[in-house]
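Here's the structure, in structure tokens; my notes come after.
There are 2 protein chains.
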Amino acid sequence: MDRLKEAIRRQGTVQSGKVLQLDAILNHQVDPELIMEMGEEFARLYRESGVTKVVTIESSGIPIGFAAAYKLGVPMVFARRKKTLTTDNDSYCERVPSFTKGIVTDLMISKKLLSSKDRVLIIDDIIANGDAVRGVIRILEQAGCTLVGLGIAVEKAFEKGAPALREAGVRLDSLVRVASVDGSEVRFTD
Amino acid sequence: MDRLKEAIRRQGTVQSGKVLQLDAILNHQVDPELIMEMGEEFARLYRESGVTKVVTIESSGIPIGFAAAYKLGVPMVFARRKKTLTTDNDSYCERVPSFTKGIVTDLMISKKLLSSKDRVLIIDDIIANGDAVRGVIRILEQAGCTLVGLGIAVEKAFEKGAPALREAGVRLDSLVRVASVDGSEVRFTD
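Protein chains in written order, with the working numbering: chain H, 1 to 190; chain R, 191 to 380.
Following this line, the structure appears as structure tokens:
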């Protein structure tokens, strides 16, 4: 995904010398055409995997998850981070620390929206520690779903999340892999 | 949007006799093809309006806002509901009550993502009291943007939000208008 790398180089910023800020391209504003291209790439990778549902996490995962689900022709479910008045009480729930927010949040998915017959592709924007996606994986286990794989837009290859999941036997495909974030410079692994 | 009405009739549920719950089609799970059709309809309505940016509100507005922005060929910005570690400090901020959450939240948009030259189409999933979209309108005023219109998927025509905005001279297009929610039945205005 050279176009995504270019966008990160051009529009990404680095805060406090280590936090890669992608507000202008993933976390606050998106270029729908680029996002759709990312969705198409995930669909290409998982076209033969019998995916029945894409699951992502609010909020930044939603555009990419939507694009992947659209290209695969399946529904998208987004895990919610908080209980609201209109949330069904009958939900799977997992508590996870949030890397960017510095707090603990609850991820919830309504039991009505997952079945043991589902073959799920998880999509998320960024993986660092991998806490959020591990929370989603535990929810899928509770629901008896089959996890087909994890599609991640930006892998922070210097963090432990992605390597740990791959070691655990999870298929994980990332569109770009950031090798280091140093001062204002972002380096990719290839 | 007959297809959206059908989906609401088939998959919507009514809680406590008055809260229309659309988790299965808008707020927690989406059918990307239906959402894309909704985006196409908003694009058709605003094709000649010189829209430069779609602005929506996390999280449920994101799929529809994305689809509309994709079909219009412009970027989408989603207002964030909370300050996070990676949020730029230089943001427009408005405090709004949340109809569904029963709490007050802060809506924020980074100043970098809006300019006085922007012609903005606001997209959201549901309008009831209209507090959230009024918060976004105040942010657009702060930024000096031109508000082109409001595209809403589901208007609760029995609540005061949409009529008040139309009376104030705001263009507001909704795809379906719910006349009443009574027990388990949802009635549309036409």
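Ideal Cβ placement from N, Cα and C applies to all residues, glycine included.
For residue i, does the three-state DSSP call read helix, strand or coil?
i, result
"Ala-358 of chain R", "coil"
"Met-226 of chain R", "helix"
"Arg-44 of chain H", "helix"
"Ile-312 of chain R", "strand"
"Ala-269 of chain R", "strand"
"Leu-304 of chain R", "coil"
"Ala-369 of chain R", "strand"
Compute the Euclidean distance between the alpha carbons of residue i and residue j, then round it to the nearest angstrom.
i, j, result
"Ala-214 of chain R", "Val-220 of chain R", "7 Å"
"Lys-111 of chain H", "Leu-140 of chain H", "10 Å"
"Val-96 of chain H", "Leu-26 of chain H", "21 Å"
"Gly-386 of chain R", "Ala-69 of chain H", "Residue 386 of chain R lies beyond the range of chain R shown here (191 to 380); nothing can be said about it."
"Val-176 of chain H", "Glu-48 of chain H", "22 Å"
"Ser-115 of chain H", "Val-136 of chain H", "14 Å"
"Ile-126 of chain H", "Ile-254 of chain R", "22 Å"
"Asp-321 of chain R", "Gly-351 of chain R", "7 Å"
"Pro-265 of chain R", "Val-244 of chain R", "6 Å"
"Gln-205 of chain R", "Met-298 of chain R", "30 Å"
"Asn-129 of chain H", "Lys-156 of chain H", "9 Å"
"Ala-79 of chain H", "Val-294 of chain R", "22 Å"
"Ala-354 of chain R", "Val-368 of chain R", "16 Å"
"Thr-246 of chain R", "Phe-232 of chain R", "13 Å"
"Asp-173 of chain H", "Phe-378 of chain R", "44 Å"
"Val-267 of chain R", "Leu-235 of chain R", "19 Å"
"Leu-210 of chain H", "Gln-332 of chain R", "The requested residue 210 of chain H is not part of the displayed model; chain H covers only 1 to 190."
"Glu-357 of chain R", "Leu-340 of chain R", "13 Å"
"Arg-309 of chain R", "Val-186 of chain H", "33 Å"
"Ser-60 of chain H", "Leu-212 of chain R", "21 Å"
"Tyr-282 of chain R", "Thr-146 of chain H", "42 Å"
"Val-360 of chain R", "Thr-52 of chain H", "41 Å"
"Val-338 of chain R", "Lys-261 of chain R", "16 Å"
"Pro-222 of chain R", "Ile-35 of chain H", "14 Å"
"Gly-17 of chain H", "Glu-227 of chain R", "43 Å"
"Ser-374 of chain R", "Ala-343 of chain R", "20 Å"
"Met-191 of chain R", "Glu-159 of chain H", "46 Å"
"Gly-229 of chain R", "Asp-314 of chain R", "11 Å"
"Leu-194 of chain R", "Arg-200 of chain R", "10 Å"
"Ser-370 of chain R", "Ser-288 of chain R", "21 Å"
"Lys-307 of chain R", "Phe-256 of chain R", "21 Å"
"Ala-7 of chain H", "Val-19 of chain H", "17 Å"
"Arg-191 of chain H", "Glu-58 of chain H", "Outside the shown range of chain H, which is 1 to 190, sits residue 191 of chain H, and nothing can be said about it."
"Asp-106 of chain H", "Asn-89 of chain H", "14 Å"
"His-218 of chain R", "Val-323 of chain R", "20 Å"
"Ile-62 of chain H", "Ile-252 of chain R", "7 Å"
"Gly-12 of chain H", "Asp-380 of chain R", "47 Å"
"Asp-372 of chain R", "Leu-113 of chain H", "25 Å"
State the start and end residues of the unbroken alpha helix (DSSP H) segment that holds residue i.
i, result
"Leu-140 of chain H", "131-143"
"Asp-2 of chain H", "2-11"
Looking at the secondary structure, which residues open and close the beta strand (DSSP E) in which residue i lies?
i, result
"Ile-254 of chain R", "No beta strand (DSSP E) holds Ile-254 of chain R; the alpha helix (DSSP H) holding it covers 251-262."
"Lys-156 of chain H", "146-156"
"Ser-300 of chain R", "294-300"
"Ser-281 of chain R", "281-287"
"Leu-210 of chain R", "209-211"
"Val-55 of chain H", "53-57"
"Glu-185 of chain H", "185-188"
State yes or no: is the beta carbon of residue i nearer than 9 Å to at least one beta carbon in chain B?
i, result
"Ser-305 of chain R", "Here chain B cannot be found, since the structure's protein chains are H and R."
TODO: Give the residues from the segment 63-81 of chain H that approach chain R closer than 7 Å (Cβ to any Cβ), ordered along the chain.
DONE: Cβ contacts with chain R: Pro-63, Phe-66, Ala-69, Tyr-70, Pro-75, Met-76, Val-77, Phe-78 and Arg-80.
Open item on the list: Any C-beta of chain R within less than 8 Å: which residues of the segment 29-53 of chain H qualify?
Closed with: Gln-29, Val-30, Asp-31, Pro-32, Glu-33, Ile-35 and Met-36
TODO: Compile a chain-ordered list of the residues in the segment 312-328 of chain R whose CB is closer than 8 Å to at least one CB of chain H.
DONE: none
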